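Student: In this text, residue positions in the sequence shown follow this note's numbering: the first is 411, and each later residue adds one.
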Amino acid sequence: MGLELTEGVIPAETNLVSRGVSFTKGCYTGQELVARLDSRGNNVAKHLRKISSSGTCVVGSEITVEGEKVGVVTSAVPSGDGSIGLGYVSRSLEIPGIAEIDGFSASITSASD
411 MGLELTEGVI PAETNLVSRG VSFTKGCYTG QELVARLDSR GNNVAKHLRK
461 ISSSGTCVVG SEITVEGEKV GVVTSAVPSG DGSIGLGYVS RSLEIPGIAE
511 IDGFSASITS ASD
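Here it is as structure tokens:
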């Protein structure tokens, strides 16, 4: 997750809150934001998702649905005839979902699948 965790990302977007944030621990940086998002159902604008593409994915490529940008590829590696990787995708895309990356079909699923 080297490229997925940057200063512009909040924990709720990565699905790490449910796996690694304690709500009983003492104070920590960002505690108020994390608690507020948790109380609102982690309703953030984008989520970290797993990408499986039939073509070659390049970091920074747009993820689109019907020509509209819904996300961006943050990491990718070759796999068989295509690629697998991670990216941040708009919450508007129903999961599992189908999108396009650089003209190739891509399956978008939960990053924990």
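Glycine included, every Cβ here is placed at the ideal spot set by N, Cα and C. Small disclaimer: the values here were computed from a predicted structure and weren't measured.
1) If we count Cβ pairs, one from each stretch, closer than 8 Å, do we get three or more for the segment 474 to 482 versus the segment 438 to 453?
2) Please state whether DSSP places L447 in a helix, a strand or coil.
3) From the DSSP output, in three-state form, read off R459 for me.
4) Do the segment 489 to 503 and the segment 426 to 438 touch if we need at least three Cβ pairs shorter than 8 Å?
5) Tell me the start and end of each unbroken alpha helix (DSSP H) in the segment 465 to 509 that is at least 4 residues and wholly inside, in chain order.
6) Suppose you measure from the CA of S517 to the CA of V419; what does that come to, to the nearest Å?
7) Can F433 and A422 be called in contact, C-beta distance under 8 Å?
8) Please name the residue, chosen from D512, P506 and F514, that lies closest to L458 on a Cα-to-Cα basis.
9) Which class does M411 belong to by DSSP, given the choice of helix, strand or coil?
10) Determine, using beta carbons only, whether K460 and T519 come nearer to each other than 8 Å.
Tutor: Considering the structure as presented:
1) At 8 Å Cβ cutoff, the stretches do not touch.
2) In the structure shown, L447 sits in a helix (DSSP, three-state: H, G or I).
3) DSSP places R459 in the strand class (E or B) of the three-state scheme.
4) No, the segment 489 to 503 is not in contact with the segment 426 to 438.
5) Restricting attention to alpha helix (DSSP H) runs no shorter than 4 residues, the segment 465 to 509 encloses none.
6) Computed Cα separation, rounded: 23 Å.
7) No, the pair does not count as a contact, with Cβ atoms beyond the cut-off.
8) The option with the nearest alpha carbon to L458 is P506.
9) Here M411 scores only 47 on pLDDT, less than 50, and its place in the model is too uncertain to base an answer on.
10) Here K460 is near T519, since their CB atoms are less than 8 Å apart.
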